[in-house]
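The opening position of the sequence shown corresponds to residue 1 in the UniProt record's numbering, with each subsequent residue numbered one higher. From the three backbone atoms N, C-alpha and C, an ideal C-beta is built for every residue, glycine too. Below is one structure, written out as structure tokens; comments come after it.
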Amino acid sequence: RSLPMELSEKRGVENNGFVQNETFQDKETDTSSQGEMPEKCSVDVDPMAVEETVLKPYAGMPKEVLLQFSSQPCYRVTREILFWLIIAGSIALVCATITIIALSPKCLDWWQAGPIYQIYPRSFKDSNVDGNGDLKGIQEKLDHITNLNIKTIWITSFFKSPLKDLGYGAEDFYDIDPIFGCMKDFENLLVAIHDKGLKVIMDFIPNHTSDKHQWFQLSRNRTGKYTDYYIWQDCAQAAGSVTPPNNWVSVFGGSSWQFDDVRKQCYLHQFGKEQPDLNFRNPAVQQEIHDIIHFWLGKGVDGFGFGTVKFLLEATHLRDEPPVNNPPSGGSITAYSQLYHDYTTTQVGLHDIIRSFRQAINEFSREPGRYRFMGTDDNEKEDIAATMMYYGTSFIQEADFPFNFNLINMKNLSGNSVFEAVDSWMKNMPAGKWPNWAVGSPNTARISTRIGKEYVNVMNMLLLTLPGTPITYYGEEIGMENIASGNVSEEHVNSGPVVTLSEKSPMQWDGNINAGFTEGNSSWLPVNSNYQSVNVEIQSAWANSTLGLYRALTSLRNDELPLNRGWMCHIWNDSNVFVYVRELDGLDRVFMMVLNFGQESAVNLKAIVPNLPCEAVIRLSTRFSNAGKVVNTKLITTEKGEGLVLEYKTAEPVHTMEAFQGKCFVAEKACYSKAFNLLYKNC
């Protein structure tokens, strides 16, 4: 009989779960051969439970079932919400990244981030007991340099040379002078420097070569393209004497023209007669210099310091230069200072050549993180505007900075003179450019000798707290002094002015014989007699030392953003003290430097800056025992040669005050966000 099953009537479901085989199933469903089927049993089941069982998703659902659920509103809406949240989050993340990048100030490059340490290699460390410092010696002492928190090493000239004028006239621009080692030594030094995270720049004097250079030998014989590599002119000859083409005088004195017996002409030398000037109006000469730049950059050098660049071009008309004063009747002009050098320095076209050097260097600056530095040395003492031209323009780049000798060239030391040296550079520097400072060099008497050893610490404090890149000449970190000129003889020089040697005495490493500079019996120059009390080893163990202060200052500079890239505002100067602050937008912490370059002094800074807090903490002092003490800003006293780095907090920085507008400078402006702990530029 027919037994239709309807859940609405029976309130049950048929259970066919125990069908054993097809035969049984066929018999059960064949009603024509069987008169009556057994009554089927039914089980009562709640309809709601059946509906829940059917509609509830489960793991491993087939595609058809899954699609039934995915189309239901509760799942579709949730999925769409999640999708749009992910899209919105991604867009927000991209926008935030773009905003941070757009608002972030330019990161300081490696040549801006820390001090440069200048080494005269012949006097730094001797590794092979011949009495001359060398490249391996520099490598041996890299730990000392890293302990100073130095970022860059600047090595002065080490080209193969007859060592006339202390090696600044190269015999071969592509080789190392044997006195310093070999090319493999230089390559090993580069690797060691870079492994310590440091950079290295090298001296390059392109103005002239040695008269032993192959180019000069070919030029004096009028060989091919080398004929005009130097500046040759006919000289009048009478009664066995030579009359030069004009009255031009060399830097070392005497005529800047030298007669050559081979070519039978005079060649120009603005320095020693063994250093003929190259002819930079010859494009082939310029290309030679570009090739040399490429060679050393290819070796891995990180930049160049180009020296004597203002001498690269001379006037073609060869007119006499005007005298400063009319010479006495029958007298002659023999000293460089007796002439205005209108026709032998800074000629039209000079900066085109400098820019070509920049372009040659930039070919190696395209790799990310491998920017190559370029500095220039012209030392225009009386013409700051001429010096600033080496920065280039906002459209055309030249040097990253011309080397700043203002603090070296001061005629006398006082708070006023230091202020004038600093203010002159900062006011004349083009907007957006980066300053630099030096208080010593291979051609200037050391601080201790030039202005007195009582001022060494305060000069280092000035150097390391001004904005920009500080440049330290080796030995100034321990307060080395010049050796007595009487200890320098011609045998030490080989040639060149003796006065340039006293500040190049060997580095004083310890109290052993020859100050640890060499294990040989003698050094190329005598060691200063004070080496047993002024050396790296003894000052490393003595906390209250010049070396200890230098390290503390470089650490402070690295750790504190206001000293690293903030504003500098001039507060006060007089015959004794120079006072300025370093501050950063967004930071309430300010550093104030009170530096004494005269006699004992007292100053009321609260009266000068009305919003100044009544008290400030001494963060660092040249008198170490004063560190951590609190001073009253109404009466800050300093002794002769004393320097203070004061720290205080304020909600009103000096650079925002109307009274100090025009007295504040910033090179790379940045603002600090406490909320996000990052720098941004749109303050």
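For E140, the three-state secondary structure derived from DSSP is helix. Between G586 and the set Y680, G305, R220, the nearest pair of CA atoms involves Y680. Annotation: N626 to L635 spans about 15 Å, alpha carbon to alpha carbon.
Rounded to the nearest angstrom, the gap between the Cα atoms of F252 and V301 is 31 Å. The C-beta of A239 has fewer than 16 other C-beta atoms within 10 Å across all chains shown, which makes the residue exposed. Annotation: M183 is outside any beta strand (DSSP E); the continuous alpha helix (DSSP H) that includes it extends over 183 to 195. Beta-bridge analysis with DSSP links H351 to no other residue. Look at T243 here: in three-state DSSP terms it is strand. Remark: C-beta atoms of Y340 and P322 approach each other more closely than 7 Å.
In this structure, L553 keeps its C-beta atom at 7 Å or more from the C-beta atom of G566. Apart from sequence neighbours up to five positions away, the residues of its chain that approach G131 with a beta-carbon distance below 6 Å are T518, G520, S522, S523, W524, ordered along the chain. Under the 10 Å beta carbon count, L85 is surrounded by fewer than 16 other beta carbons and is classified as exposed. Apart from the 5 residues on each side of it in sequence, E652 sits with its Cβ closer than 7 Å to the Cβ of N611 in its chain, given in chain order.
The straight-line gap separating the alpha-carbon atoms of G511 and S545 is approximately 16 Å.
Distances from the CA of Q359 to each of L413, G392, R446 were compared; the closest alpha carbon is that of G392.
V422 is not a Cβ neighbour of L595, given a cutoff of 7 Å. Residue state for H655 is assigned as helix, using DSSP reduced to three classes. DSSP lists no beta-bridge partner residue for W434. Closest by C-alpha distance to T444, out of K504, E560, F403, is K504. Restricting attention to N128, F304, G432, Q338, the CA atom closest to the CA of F357 is found in F304. Residue state for P283 is assigned as helix, using DSSP reduced to three classes.
At the C-beta level, Q118 and W154 come within 7 Å of one another. The segment 448 to 525 contains, as complete beta strand (DSSP E) runs of 3+ residues, the segments 469 to 473 (chain order). Between the alpha carbons of M426 and R619 lies a gap of roughly 26 Å.
Bounds of any alpha helix (DSSP H) do not take in N632; it lies within the beta strand (DSSP E) bounded by 630 to 632. Out of F306, I396, M389, S255, the CA that lies nearest to the CA of Q338 is found in S255. G137 is positioned such that its CB atom lies closer than 7 Å to that of D126. W509 sits close to V536, with the two beta carbons spaced by under 7 Å. By the neighbour-count criterion, in which a residue is buried when 16 or more other Cβ atoms sit within 10 angstroms of its Cβ, F676 is exposed. In this structure, the straight-line span from the alpha carbon of N682 to that of E668 is close to 12 Å. For D175, no alpha helix (DSSP H) run applies; the uninterrupted beta strand (DSSP E) run containing it begins and ends at 172 to 176, by DSSP.
For the segment 251 to 327, the full-length beta strand (DSSP E) segments reaching 3 residues or more read 257 to 260, 265 to 268, 303 to 307 along the chain. Of the residues K411, P506, E477, V630, the one whose Cα lies closest to the Cα of L148 is E477. Judged by DSSP in its simplified three-state form, I571 adopts strand.
The three-state reading of DSSP puts N596 in strand, counting E and B together.
Within its own chain, no residue has a Cβ closer than 6 Å to the Cβ of I100 once the five positions on either side in sequence are excluded.
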